[in-house]
Amino acid sequence: MKLNLVIATIAIALPLAVFAQTDSTTVVKSQTATVTDSIPAVLNREGYPNTFSSGSANIYPFTNKVKRFNDWAISAGVGVPLLQSSDLTSIKNGNGKNLYGYSAYLSVDKAITHAFGLKLQYDKGETKQGWYNIKNDVPDGAAGRSTVAGKTQYDAISIIGDINFSNILRRVDNKSPFRWAFHGYFGGGMLSYKAYQKSEYTGGEQTLMTKEKFGISSLFMQAGTGVKYKVSKSLDIEGRLMYVVSGDDEFDGGGDYLGDGNYATPANKTEEQISDNFFNVSVGVTLNIGKHQSHLFWHDPLQEIYYKLDVLTDKIQDVEVCKQGDNDNDGVCDDWDRQLDTPPGARVDGAGVALDADLDGVIDLFDLCVTVPGPVENNGCPLTPPTPPTPPEPTPGPGVVIGTGTELEGIEFDFDSDRILPSNTPILDNAVTFINSTDGSYRVIGGTDAKGSDAYNQKLSERRANSVRSFLIKNGVQSSKLEAIGRGEKDLKYPECNPAEKCEEWKNRANRRVYFETK
189 MKLNLVIATI AIALPLAVFA QTDSTTVVKS QTATVTDSIP AVLNREGYPN
239 TFSSGSANIY PFTNKVKRFN DWAISAGVGV PLLQSSDLTS IKNGNGKNLY
289 GYSAYLSVDK AITHAFGLKL QYDKGETKQG WYNIKNDVPD GAAGRSTVAG
339 KTQYDAISII GDINFSNILR RVDNKSPFRW AFHGYFGGGM LSYKAYQKSE
389 YTGGEQTLMT KEKFGISSLF MQAGTGVKYK VSKSLDIEGR LMYVVSGDDE
439 FDGGGDYLGD GNYATPANKT EEQISDNFFN VSVGVTLNIG KHQSHLFWHD
489 PLQEIYYKLD VLTDKIQDVE VCKQGDNDND GVCDDWDRQL DTPPGARVDG
539 AGVALDADLD GVIDLFDLCV TVPGPVENNG CPLTPPTPPT PPEPTPGPGV
589 VIGTGTELEG IEFDFDSDRI LPSNTPILDN AVTFINSTDG SYRVIGGTDA
639 KGSDAYNQKL SERRANSVRS FLIKNGVQSS KLEAIGRGEK DLKYPECNPA
689 EKCEEWKNRA NRRVYFETK
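Last residue of the sequence shown: number 707 in the numbering used here, and the count goes up by one each step with no gaps.
Set out below in structure tokens:
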């Protein structure tokens with residue numbers, strides 16, 4: 189189990205450390221980007237930003253020369269370890285008291301981003317556990333497990349991931365520098381220890397029960413939280429609470445497991461877990477190394493944006509417009525007015541020029557004929573009114589009869605209907621008068637729109653033509669003067685409406701009609 193836990197930790201932490209510092213892309217001189225101090229841009233062979241960069245052409249290799257924040261530190265601290273999940277405990281032992289040990293740590297820290305880093309840490313300490321302090325004598329009258337006391341002296345080497353939760357959860361609208369930070373830790377490594385016991389089983393003397401050296405069999409895990417306070421740009425103080433999983437049932441000094449359910453002493457039979465675990469409460473300091481103003485873990489990426497916005501705000505100036513005023517009061521500043529003496533009340537364009545709709549040289553304000561060109565001396569009106577064109581005389585002979593005045597005019601029908609609408613009665617009454625006043629004969633021609641089949645539309649057009657012919661005969665027209673013809677959808681008034689879906693409804697309605705032709 190210990191081996192699986194530590195392998196998982198190394199599998200997560202090691203790639204993060206390696207890939208965070210390794211640039212596997214090709215670094216070549218940029219032929220297009222402007223780079224200061226002759227630092228080459230990171231480009232691919234085609235001259236474009238590589239896929240490992242942010243996409244900008246001005247990407248520099250990550251070196252100490254170009255970095256802007258301190259990212260190395262050394263941490264040290266002292267603490268109190270308390271065995272909690274074990275056969276012999278430090279918390280609320282048999283006498284209802286706590287037994288306090290001591291610990292110290294030293295680590296080299298590397299910040300990879302403003303929210304994540306790694307620590308290579310060395311721990312040294314001693315835990316005390318059991319029914320009494322191992323420095324004291326075995327209590328008089330005690331028997332069995334109540335005579336057992338233990339201590340464990342340990343050394344540990346581990347790799348720990350450091351997550352800066354404050355930088356991850358920081359509010360984007362908090363523009364002030366911050367001095368507190370909440371951290372989380374997780375990692376693992378190798379543990380070396382010596383576990384001692386004093387009891388009736390050891391003759392009342394401190395006896396070395398278990399000795400473990402660094403190796404694959406001594407792997408352990410630890411995780412916890414901490415709070416940091418920034419004293420200065422170089423110094424932080426920190427409090428931590430770590431939980432250590434030793435992965436070893438002999439860590440508390442209860443005795444070695446001898447096999448077949450037997451232990452060197454009965455003290456290790458209290459709990460069934462295979463790992464003696466303990467809390468480690470510590471305080472320490474962190475020395476940030478480097479010449480830069482701040483450490484990466486105390487950097488807020490948004491602070492630079494806030495600063496640049498403040499600089500831009502300071503540079504913003506009110507833009508003064510219309511410096512020369514508007515002397516002709518036409519609503520266009522004299523700075524760009526092309527007609528500075530516009531008459532009062534005249535409408536102007538965007539350049540301040542008075543409008544002249546008919547382009548006759550008389551502005552609309554004084555033009556008595558705004559839409560008809562005319563000379564200036566006649567106030568913009570023509571000297572003689574234009575004579576309207578005389579409509580052409582109708583051509584005799586066969587052809588479509590156009591409805592003007594008392595002449596014939598066609599009518600329209602509802603969809604799929606041959607019923608004459610009441611609104612069309614005046615038109616047909618006019619047709620009766622016109623036909624009876626002439627000696628000619630007429631064709632009553634029915635049509636449809638393009639909806640439906642050809643055969644159906646042909647019959648519908650015939651019904652419409654016969655419906656109009658019947659109306660005319662009923663109202664006094666001689667039947668010999670009228671011939672009803674149906675043309676279906678073959679004679680559309682708007683040929684583009686085939687199919688009907690291509691046109692508006694008013695065009696399709698115009699195709700549903702009856703009209704007249706002279707024979």
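Glycine residues also receive a C-beta, built at the ideal position from the N, C-alpha and C atoms.
| Item | Value |
| --- | --- |
| Give every residue of the same chain whose Cβ lies closer than 6 angstroms to the Cβ of Glu388, excluding the five residues on either side of it in the sequence, and list them in chain order. | Thr335 |
| Taking the CB atoms as reference points, tell me whether Asp548 and Gly533 lie closer together than 8 angstroms. | no |
| Could you give the distance in angstroms between the alpha-carbon of Ile599 and the alpha-carbon of Leu609? | 9 angstroms |
| Quick check on the DSSP output: the beta strand (DSSP E) that includes Lys662 runs from which residue to which? | No beta strand (DSSP E) holds Lys662; the alpha helix (DSSP H) holding it covers 642-662. |
| Can you tell which of Ser422, Lys386, Val419, Gly376 has its C-alpha closest to the C-alpha of Met430? | Gly376 |
| Alpha carbon to alpha carbon, how far is Asp555 from Leu523? Give it in angstroms, no decimals. | As written in the sequence, residue 523 is Asp, which differs from the Leu given in the question. Cα-Cα distance, rounded: 28 angstroms. |
| Decide yes or no for the touch test of the stretch 426-442 against the stretch 384-398: beta carbon pairs closer than 8 angstroms, at least 3 of them. | yes |
| Opposite Leu306 in the DSSP bridges: which residues? | Lys298, Gly349 |
| Given Asn168, which residues of its chain have a CB within under 7 angstroms of its CB, disregarding the five upstream and five downstream residues? | Residue coverage of the chain in this structure runs from 189 to 707, which leaves residue 168 outside it and unanswerable. |
| Reducing DSSP to helix, strand and coil, say where Ala619 ends up. | helix |
| Please confirm whether Phe485 and Gly305 have their CB atoms less than 8 angstroms apart. | yes |
| Roughly how many whole angstroms lie between the Cα atoms of Asn258 and Leu407? | 32 angstroms |
| With the cut-off set at 8 angstroms, would you say Gly634 and Glu650 are in Cβ contact? | yes |
| With Tyr697 as the anchor, note down where its alpha helix (DSSP H) starts and where it stops. | Correcting the residue identity first, residue 697 is Arg in this sequence and not Tyr. 693-699 is the extent of the alpha helix (DSSP H) around Arg697. |
| Quick check on this structure: which residue in Gln394, Gly349, Gly332 has the alpha carbon closest to the alpha carbon of Ile322? | Gln394 |
| From the DSSP output, in three-state form, read off Val499 for me. | helix |
| Give the single residue among Ala337, Val536, Lys511 whose Cα lies nearest to the Cα of Asp518. | Val536 |
| Please work out which residues of its chain come closer than 7 angstroms, Cβ to Cβ, to Arg652, disregarding the five sequence neighbours upstream and downstream, and give them in chain order. | Phe601, Asp606, Gly634, Val702 |
| Alpha carbon to alpha carbon, how far is Ile623 from Ile551? | 54 angstroms |
| Can you tell me which of Asp311, Gly329, Gly338, Val296 puts its alpha carbon nearest to the alpha carbon of Asn281? | Gly338 |
| Taking only the alpha-carbon atoms, compute the straight-line gap between Tyr384 and His480 and give it to the nearest angstrom. | 48 angstroms |
| Among Lys416, Asp343, Lys681, Thr315, whose alpha-carbon lies nearest the alpha-carbon of Asp350? | Lys416 |
| Does the Cβ-Cβ distance between Val266 and Val471 come in under 8 angstroms? | yes |
| Could you tell me the boundaries of the beta strand (DSSP E) in which Trp260 lies? | 260-273 |
| Assuming Asn468 contacts Ser295 under a Cβ cut-off of 8 angstroms, what Cβ separation, rounded to an integer in Å, is found between them? | Asn468 to Ser295, Cβ: 14 angstroms. No contact. |
| What is the rounded straight-line gap between the Cα of Arg367 and the Cα of Ile347? | 26 angstroms |
| Could you check where the beta strand (DSSP E) with Glu438 kicks off and where it finishes? | Looking at the DSSP string, Glu438 is not in any beta strand (DSSP E), and its letter there is neither H nor E. |
| Quick check: what's the CA-CA separation for Val632 versus Ala698? | 16 angstroms |
| Does the distance from the CB of Ala344 to the CB of Asp297 come in under 8 angstroms? | no |
| Out of curiosity, what's the CA-to-CA distance linking Asp225 and Arg526? | Confidence at Asp225 is low in this model, with a pLDDT of 41, below 50, so the placement of that residue should be treated as unreliable; the coordinate-derived value is given next. Each residue's alpha carbon lies about 52 angstroms from the other. |
| Excluding sequence positions up to five away, which residues of its chain have a Cβ less than 6 angstroms from the Cβ of Pro683? | none |
| Identify the continuous beta strand (DSSP E) that holds Leu670 and give its terminal residues. | 670-674 |
| Considering only the alpha carbon of each residue, which of Thr277, Gly392, Ala688 lies closest to Asp183? | An answer regarding residue 183 cannot be provided, because it is not within the stretch 189 to 707 covered by the chain. |
| Check whether the Cβ of Ser273 lies closer than 8 angstroms to any Cβ atom in chain D. | In the structure shown, chain D does not exist; there is a single protein chain. |
| What are the boundary residues of the beta strand (DSSP E) that includes Lys399? | 395-400 |
| Can you tell me where the beta strand (DSSP E) with Gly414 in it begins and where it stops? | 407-418 |
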